[in-house]
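Structure record follows, encoded as structure tokens.
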Amino acid sequence: MSLAEFQQESLELAGAQEYKFPDGLLGFEERNKYLLTQIEDTQPFYWLISDIEDGLGFILIDPSLFFEGEYEVSLTLEDRQVLELGPDDPIRIFVIVTAGDNSPPTANLKGPIVFNPRRNIAKQIVLYNPSLSLRAPFLSQATALIQEESLGGKDSCSS
Numbered sequence: 001m002s003l004a005e006f007q008q009e010s011l012e013l014a015g016a017q018e019y020k021f022p023d024g025l026l027g028f029e030e031r032n033k034y035l036l037t038q039i040e041d042t043q044p045f046y047w048l049i050s051d052i053e054d055g056l057g058f059i060l061i062d063p064s065l066f067f068e069g070e071y072e073v074s075l076t077l078e079d080r081q082v083l084e085l086g087p088d089d090p091i092r093i094f095v096i097v098t099a100g101d102n103s104p105p106t107a108n109l110k111g112p113i114v115f116n117p118r119r120n121i122a123k124q125i126v127l128y129n130p131s132l133s134l135r136a137p138f139l140s141q142a143t144a145l146i147q148e149e150s151l152g153g154k155d156s157c158s159s
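Start counting the sequence shown at 1; every next residue gets the next number (UniProt numbering).
Quick look at the structure:
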């Protein structure tokens, strides 16, 4: 199965939401529409897929699941305007995962993507905090979370 076929199947199974990116993503500024869906059976991972059928897609995670207490995103007034955020609008924050052939996956904490689910608008922002990494490892936390999900929160040593 090709990546494009897998992505399409994931979209059909998980009910993707379309988001407008007025500024595009860094390096892909000309692409303004993406589909967001949770990857079936692989929580906590999500697909962000360009609506142009050329296979461009990104794996995302919610950084609060892996970097709790050490990761904070502040939005400027301009960011809030682009996202059309009202005072009570919720936001969702994801970061892009990079997985190399011979290296564990990492998360780009400097370039989070902020989603406004009420208006279906999203924006990638740049954080200038020197303590944040473009390649933050998170595999040990992800493995623990996936194992917890598969056990359903139950102790695996039950009698």
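Here a beta-carbon is modelled for each residue, glycine too, at the ideal position from N, C-alpha and C.
Let me know if residue i comes out buried or exposed under the rule of 16 or more other beta-carbons within 10 Å of its beta-carbon.
{"i": "Gln17", "result": "exposed"}
{"i": "Tyr128", "result": "exposed"}
{"i": "Leu48", "result": "buried"}
{"i": "Gln124", "result": "buried"}
Could you please give the first and the last residue of the uninterrupted alpha helix (DSSP H) stretch that includes residue i?
{"i": "Gln81", "result": "77 to 82"}
Quick check: the Cα distance between residue i and residue j, rounded to an integer number of angstroms?
{"i": "Leu36", "j": "Asp51", "result": "10 Å"}
{"i": "Gln147", "j": "Leu65", "result": "Only weak support is given to the placement of Gln147: the predicted model assigns it a pLDDT of 49, under 50, and the question is left unresolved by the model."}
{"i": "Leu151", "j": "Pro44", "result": "Interpretation of Leu151 is limited by its pLDDT of 49, a score under 50 that renders its predicted location unreliable; no figure is taken from the coordinates."}
{"i": "Ser103", "j": "Leu83", "result": "34 Å"}
{"i": "Ala136", "j": "Ala99", "result": "11 Å"}
{"i": "Val114", "j": "Asp54", "result": "24 Å"}
{"i": "Ile91", "j": "Gly69", "result": "18 Å"}
{"i": "Lys20", "j": "Asn120", "result": "6 Å"}
Taking 8 Å as the limit between beta carbons, can you name the residues of its chain near residue i, skipping five residues before and five after?
{"i": "Pro63", "result": "Tyr71, Ile93, Phe94, Val95, Ala107, Leu109, Pro112"}
{"i": "Leu60", "result": "Leu36, Phe45, Tyr46, Trp47, Leu48, Phe94, Val95, Ile96, Val97, Ile113"}
{"i": "Leu56", "result": "Phe28, Arg31, Ile49, Ser50"}
Along the beta strand (DSSP E) that carries residue i, what are the first and last residues, could you check?
{"i": "Tyr34", "result": "33 to 38"}
{"i": "Phe138", "result": "Taken as a continuous stretch (DSSP letters only), Phe138 belongs to no beta strand (DSSP E), as it is neither H nor E."}
{"i": "Glu18", "result": "17 to 20"}
{"i": "Ile125", "result": "That residue, Ile125, is in no beta strand (DSSP E); it is neither H nor E in DSSP."}
{"i": "Phe115", "result": "113 to 116"}
Might you give, ordered along the chain, the residues of its own chain that have their beta carbon closer than 6 Å to the beta carbon of residue i, omitting 5 neighbours on each side?
{"i": "Arg118", "result": "Asp89"}
{"i": "Ser133", "result": "Leu109"}
Going by beta carbon distance, what residues of the same chain come within less than 7 Å of residue i, once the five residues before and after it are set aside?
{"i": "Phe58", "result": "Leu48, Ile96"}
{"i": "Gly24", "result": "Glu30, Arg31, Asn32"}
What does residue i pair with, by DSSP beta-bridge criteria?
{"i": "Asn102", "result": "In DSSP, Asn102 forms no bridge with anything."}
{"i": "Gly57", "result": "Ile49"}
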